[in-house]
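In mature numbering (1 follows the signal peptide of the UniProt record, and there is no 0), the protein residues as written are -21 to -1, 1 to 193.
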């Protein structure tokens, strides 16, 4: 299979998907942990500036990892927030997590308790959201902790994300239909496949099947 055919088809699908997608922008200090009930692979997100989300309701779990300024009293270190939850409806072109300054110890302690962040669109307008923090529990697996959270009717719960079909991790393998004889292309397909919505994934699989049959 020619590389240009794979890439041209991928570009066409990306354009089609982007017309009905919302970009969740990820600043360097944002560590995304769980999205819509599925664990996120750090290797897939390494270097990524955002994820494409289909329009509709979404929920994500993240934490803030922020280097702290060095002074004569403290060595260089970093602040790691408690896991924070945001539930919102994707309608805008992009969504950005706006954080407070977090410069002082008081700021950081307040942030951990109050989940004092905002979601804003591409024009800087606040997006309506439900926000919470994930309390410590016996679950070491954050995906399982979010399943329990969503079952318990909490502030930012989404019951459908507690269903078994929502627990498949985002690191699952691509369908065999997407296998190509080019390592770089297959790696690109794998990264993209796990960022788009289910409908776009299905279109890609059908397109690849049709291309092989022709």
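The beta-carbon is built from N, C-alpha and C at its ideal position, and this holds for glycine as well.
Computed from a predicted structure; not experimentally measured.
Query, Result
"Residues that residue 195 bridges to, as DSSP identifies them", "The requested residue 195 is not part of the displayed model; the chain covers only -21 to 193."
"Top-ranked residue by Cα proximity to residue 80, from 113, 37, 96 and 136", "96"
"Boundaries (first-last residue) of the alpha helix (DSSP H) holding residue 93", "84 to 93"
"According to DSSP, residues forming a beta bridge with residue 57", "46"
"Cβ neighbours of residue 106 in the same chain (closer than 7 Å, five flanking residues each side left out)", "67, 71, 74, 98, 99 and 100"
"Identity of the residue in 16, 42 and 4 nearest residue 139 by Cα", "16"
"Cutoff 7 Å; reference residue 60; Cβ partners in own chain excluding five residues on either side", "42, 43, 90 and 91"
"Range covered by the beta strand (DSSP E) that runs through residue 139", "No beta strand (DSSP E) contains residue 139, which DSSP labels as neither H nor E."
"Start and end residues, beta strand (DSSP E) containing residue 127", "Unbroken run through residue 127 is the alpha helix (DSSP H), 121 to 130; no beta strand (DSSP E)."
"First through last residue of the beta strand (DSSP E) which encompasses residue 12", "9 to 14"
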